[in-house]
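> Take this structure first; my questions come after.
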Amino acid sequence: MPIFLWANDTIYDTSEQSFNIDSLWVLLCAILVFLMQAGFKTLETGLVKSEHRTGVGAKNLMDMVAGMLGFFLLGYGFMFGDSLYGIIGFNTDLFAGGDLTKSGIGIPGIVFFLFQVAFAGTALTIVSGAMSGRTGLLPYLIGSLITAIIIYPVFGHWAWGNILDPTNHAWLAEIGFMDFAGSTVVHTLGATVGLVGIILVGPRLGRFDMNGKILPIKASDYSYSILGVILLWVGWWGFNGGSTLTFGNDVYTIILNTNVAGAASCFSAFIFCYFFQDRTELIEKMAGGALTGLVAITACCNVVSPSSALIIGLLAGIIHNLSFDLILKVLKFDDPVGAIPVHGFGGIFGTLCVALFGKEELLMLPRWEQLLVQAIGVEVCIAFTVLVSFIMFKTIKSLYGLRVSPEQELGGMMAGRKMPKDFYEKEGEKKIQYASIKVSGKGYNLINIKNFIDLSKSYRDGLIQNERVAFIDAGGEKVNIEESLRQLSVLKESSLKNEPLMHA
1 MPIFLWANDT IYDTSEQSFN IDSLWVLLCA ILVFLMQAGF KTLETGLVKS EHRTGVGAKN
61 LMDMVAGMLG FFLLGYGFMF GDSLYGIIGF NTDLFAGGDL TKSGIGIPGI VFFLFQVAFA
121 GTALTIVSGA MSGRTGLLPY LIGSLITAII IYPVFGHWAW GNILDPTNHA WLAEIGFMDF
181 AGSTVVHTLG ATVGLVGIIL VGPRLGRFDM NGKILPIKAS DYSYSILGVI LLWVGWWGFN
241 GGSTLTFGND VYTIILNTNV AGAASCFSAF IFCYFFQDRT ELIEKMAGGA LTGLVAITAC
301 CNVVSPSSAL IIGLLAGIIH NLSFDLILKV LKFDDPVGAI PVHGFGGIFG TLCVALFGKE
361 ELLMLPRWEQ LLVQAIGVEV CIAFTVLVSF IMFKTIKSLY GLRVSPEQEL GGMMAGRKMP
421 KDFYEKEGEK KIQYASIKVS GKGYNLINIK NFIDLSKSYR DGLIQNERVA FIDAGGEKVN
481 IEESLRQLSV LKESSLKNEP LMHA
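Be aware that the sequence shown starts at 1, since it is given in full-length UniProt numbering, and climbs by one per residue.
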């Protein structure tokens, strides 16, 4: 009920004043979340090879473009429109900015849209970091648009689709799933898309040798990465603080919890790595540890105490370090910026922490029922995202290819510019390990040499005769065609004799 105050013959409507403060607060938080793009760019710039800094920047820019256009045109309506059987939203007023002024949540609809489109851009940026260093700009842009229009909004509708309209059948929200600011909706989803992309695009050239041994790739400049973490940390004040959609007393606790969890996670990641793991990865694990704590607290920052946030952060740092080693050293997935440990494992853990550490009076269900529902939400997110992103990347790979050429990858020219023809024709014998196949004149796919030999002879010969294949050694360098064909004949002969494939 509005309260009217009289002072000096002036009438103040406190309900309108509160509306303006809430709107200004959420708009400020939207700006902070948008600026996280600069933090991601800076973080990734420091972790990738120096040759790839421009490519990383280009992809971050396209995140913002794809996120804004895709979400503005269709994604926002699919996410928050009138629910169709609980599967997807549909409201022509929300498509292409038809009528963004409508809002029943205490702030203007346009402000809410700006806040949400910044979230969509964050999910896309996670994918960018995971697939950096070898993915073509056009294939990445296509994938980003599909993610912004379909993958993110559809799952977002299931979890958050009743925010604008409480009568909407957001089925995960209806069964009690809680994800305050997006540990699963944004971070786990983005990491899952990135993981599928990593698997299908393959590792960077020179990341693993022919026996699967990890080869070092020198990072560009760790000081940039640390600056990126700081920028992201500040952005998280808006990410979590703005998700209240009002400026009330709970904002202070939410921001405090966010900072405590980030600091505790960075500390535990540092200590765990320093005393129990390989210290050569100390900077990566410190930076990733801080971000994992911030990701983990995102789902539960509104329902836990500061002391619980401390525990969540301490555990998140250890989870990050263990999952970092699992992804790289056990599964041999090439994740240049550690996006999967940070956003994937951190997001899953944080979502479960809602039930594990949340105050019971603030939960939707009894604690153990809440834990079951949280687990269901995570599993649904992963299953749905894996299915759709696999179809998406497989289709893009078949039509356009996902990778740039070996020359462009090694030279860092990710946007399609060509290197001199003999740029990587170096002296000395080099043993072929990969075949880089040109697809439809627009992109490249990388396969190991055994899989190339398993292709039909006519298809192989056609690729070679039409100069649509290049052969790469374990260090990522191109082998000249004459030497490649000589080694290939030896490998084929070994294969026909059912002998182990031995390099010439």
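No residue lacks a Cβ here, since even glycine has one placed at the ideal position from N, Cα and C. Keep in mind it's a predicted model, so treat the numbers as computed, not measured.
Going by other Cβ atoms of all chains shown within 10 Å of its Cβ, with 16 needed for buried, is W236 buried or exposed?
Taking the sequence shown and counting its residues from 1, the one referred to as residue 236 is at position 236. It counts as buried.
> Using only CA atoms, which one of I319, L402, G39 and N302 lies nearest to K359?
The sequence position of residue 359 within the sequence shown is 359, counting from 1. The shortest C-alpha to C-alpha distance from K359 to any of I319, L402, G39 and N302 is the one to N302.
> What residue from V469, I327 and G476 has the CA that sits closest to L485's CA?
The residue you call residue 485 lines up with position 485 of the sequence shown. The candidate whose alpha carbon is nearest that of L485 is V469.
> Round the Cβ separation of G176 and N168 to the nearest angstrom and send it over; I've been treating them as touching at under 8 Å.
As a first step, residue 176 must be located in the sequence shown, where it is residue number 176. As a first step, residue 168 must be located in the sequence shown, where it is residue number 168. G176 to N168, Cβ: 16 Å. No contact.
> Is G401 closer than 7 Å to G443 when the C-beta atoms are compared?
As a first step, residue 443 must be located in the sequence shown, where it is residue number 443. As a first step, residue 401 must be located in the sequence shown, where it is residue number 401. Yes, Cβ-Cβ distance for G443 and G401 is below 7 Å.
> Considering only the alpha carbon of each residue, which of K478, S436, I472 and L488 lies closest to K457?
Your numbering for residue 457 matches position 457 in the sequence shown. If we check each option's Cα against that of K457, L488 comes out closest.
> Can you give the Cα-Cα distance for F113 and L363, rounded to whole angstroms?
The residue given as residue 113 occupies position 113 in the sequence shown. The residue given as residue 363 occupies position 363 in the sequence shown. Those two C-alpha atoms are separated by around 27 Å.
> Three or more beta-carbon pairs under 8 Å between the region 263 to 272 and the region 210 to 221, yes or no?
no
> For F349, which option in S183, I146 and D461 has the closest C-alpha, if you only look at C-alpha atoms?
Within the sequence shown, numbered from 1, the residue matching residue 349 stands at position 349. For the residues S183, I146 and D461, the minimum Cα distance to F349 belongs to S183.
> Which whole runs of the alpha helix (DSSP H) in the region 151 to 185 are 4 residues long or more, in chain order?
152 to 160 and 171 to 174
> With burial defined as no fewer than 16 other Cβ atoms inside 10 Å of the residue's Cβ, what is the status of Q370: buried or exposed?
As a first step, residue 370 is located in the sequence shown; it is residue number 370 there, counting from the start. Counting Cβ neighbours within 10 Å, Q370 comes out buried, since at least 16 surround it.
> Would you identify the three-state DSSP class for D454, choosing helix, strand or coil?
Position 454 of the sequence shown, counted from the start, is the residue given in the question as residue 454. Residue state, collapsed to three classes: helix.
> Quick check on this structure: which residue in N480, I312 and W233 has the alpha carbon closest to the alpha carbon of S268?
Along the sequence shown, one-based indexing puts residue 268 at 268. With distances taken between Cα atoms, S268 lies closest to I312.
> If you drop the 5 nearest sequence neighbours on each side, which residues of the same chain put their C-beta closer than 7 Å to that of I201?
The residue you call residue 201 lines up with position 201 of the sequence shown. It should be pointed out that residue 201 corresponds to Val in this sequence rather than to Ile. If we look at V201 and ignore the five residues flanking it on each side, its Cβ neighbours are M131, R134, T135, L402 and R403.
> Roughly how many whole angstroms lie between the Cα atoms of L74 and Q465?
By one-based count along the sequence shown, residue 74 stands at place 74. By one-based count along the sequence shown, residue 465 stands at place 465. Approximately 44 Å between the Cα atoms of the pair.
> For residue 571, does the count of other Cβ atoms within 10 angstroms reach 16, so buried, or fall short, so exposed?
With the chain covering 1 to 504 only, the question about residue 571 has no answer from this structure.
> Tell whether a beta-carbon distance below 7 Å holds between S128 and D63.
In the sequence shown, residue 128 corresponds to position 128, counting from 1. In the sequence shown, residue 63 corresponds to position 63, counting from 1. A contact, by the Cβ cut-off of 7 Å.
> For P208, which residues from the same chain have a beta carbon less than 7 Å from its beta carbon, with the 5 sequence-adjacent residues on both sides left out?
The count along the sequence shown starts at 1 and reaches residue 208 at position 208. Here the sequence assigns Phe to residue 208, which means Pro is not the residue at that position. Same-chain partners within the cutoff: I214, L215 and K332.
> In this structure, does DSSP put T101 in helix, strand or coil?
Here residue 101 refers to the residue found at position 101 when the sequence shown is read from its first residue. Reduced to three states, the DSSP call for T101 is coil.
> Is it buried or exposed, D330, if we count other Cβ atoms within 10 angstroms and call 16 or more buried?
Translated into positions along the sequence shown, residue 330 becomes position 330. A quick correction: the sequence has Val, not Asp, at residue 330. Burial call: exposed.
> With burial defined as no fewer than 16 other Cβ atoms inside 10 Å of the residue's Cβ, what is the status of G241: buried or exposed?
As a first step, residue 241 is located in the sequence shown; it is residue number 241 there, counting from the start. It is buried - the Cβ of G241 has at least 16 other Cβ atoms within 10 Å.
> The beta strand (DSSP E) that contains F90, what's its start and end?
Taking the first residue of the sequence shown as 1, we reach residue 90 at position 90. Per DSSP, F90 belongs to the beta strand (DSSP E) from I88 to F90.
> Kindly indicate which residue of L24, L463, N259 and G212 has the alpha-carbon position closest to the one of L231.
Residue 231 sits at position 231 when you count from the first residue of the sequence shown. If we check each option's Cα against that of L231, N259 comes out closest.
> With burial defined as no fewer than 16 other Cβ atoms inside 10 Å of the residue's Cβ, what is the status of E379: buried or exposed?
As a first step, residue 379 must be located in the sequence shown, where it is residue number 379. Label assigned to E379: exposed.
> Answer yes if the region 385 to 398 comes into contact with the region 340 to 357, meaning at least three C-beta pairs across the two stretches below 8 Å, and no otherwise.
no
> Using a threshold of 7 Å, state whether the C-beta atoms of K397 and N445 are closer than that.
Here residue 397 refers to the residue found at position 397 when the sequence shown is read from its first residue. Here residue 445 refers to the residue found at position 445 when the sequence shown is read from its first residue. Taking the C-beta atoms as reference points, N445 is found nearer than 7 Å to K397.
> Whole angstroms are fine: how far does the CA of R367 sit from the CA of R53?
On the sequence shown, residue 53 is found 53 positions in, with the first residue counted as 1. On the sequence shown, residue 367 is found 367 positions in, with the first residue counted as 1. About 46 Å.
> Mapping DSSP to helix, strand and coil, what is K421?
Position 421 of the sequence shown, counted from the first residue, corresponds to residue 421. Summary for K421: the model assigns pLDDT 43, below 50, so the residue's position carries little reliability; its value from the coordinates is reported in the next sentence. Of the three classes helix, strand and coil, the one that applies to K421 here is coil, per DSSP.
> Which stretch, first to last residue, makes up the beta strand (DSSP E) that contains L446?
The residue labelled residue 446 in the question sits at position 446 within the sequence shown. Element bounds for L446: G443 to N448.
> Could you please give the first and the last residue of the uninterrupted alpha helix (DSSP H) stretch that includes F471?
Within the sequence shown, the letter at position 471 stands for residue 471. No alpha helix (DSSP H) holds F471; the beta strand (DSSP E) holding it covers V469 to D473.
> May I ask you to list the residues that DSSP assigns as paired with L84?
As a working note, residue 84 is residue 84 in the sequence shown. Note: L84 sits in a beta bridge opposite I88.
> Determine which residues share a DSSP beta bridge with V439 and list them.
Counted from its first residue, the sequence shown places residue 439 at position 439. BP columns for V439 point to G443.
> Can you tell me whether D422 is buried or exposed, with buried defined as 16 or more other CB within 10 angstroms of its CB?
Position 422 of the sequence shown, counted from the start, is the residue given in the question as residue 422. Since pLDDT at D422 reaches only 41, below the 50 mark, its modelled position is unreliable, and the value read off the structure follows with that caveat. When all chains shown are included, D422 counts as exposed.
> Is it the case that the Cβ atoms of V304 and F384 are separated by a distance below 7 Å?
Within the sequence shown, the letter at position 304 stands for residue 304. Within the sequence shown, the letter at position 384 stands for residue 384. Not in contact: V304 and F384 (Cβ atoms no closer than 7 Å).
> Does at least one heavy atom of the ligand PLP sit under 6 Å from the Cβ of V342?
Because no ligand of any kind appears in the structure shown, any question about the ligand PLP cannot be addressed here.
> Sorted by chain position, which residues of the same chain lie with C-beta nearer than 7 Å to K426's C-beta, five sequence neighbours on each side aside?
Along the sequence shown, one-based indexing puts residue 426 at 426. Note that K426 scores a pLDDT of 43, beneath 50, so its modelled location is shaky; the value from the coordinates is reported in the next line. Taken in chain order, the residues that qualify are E477.
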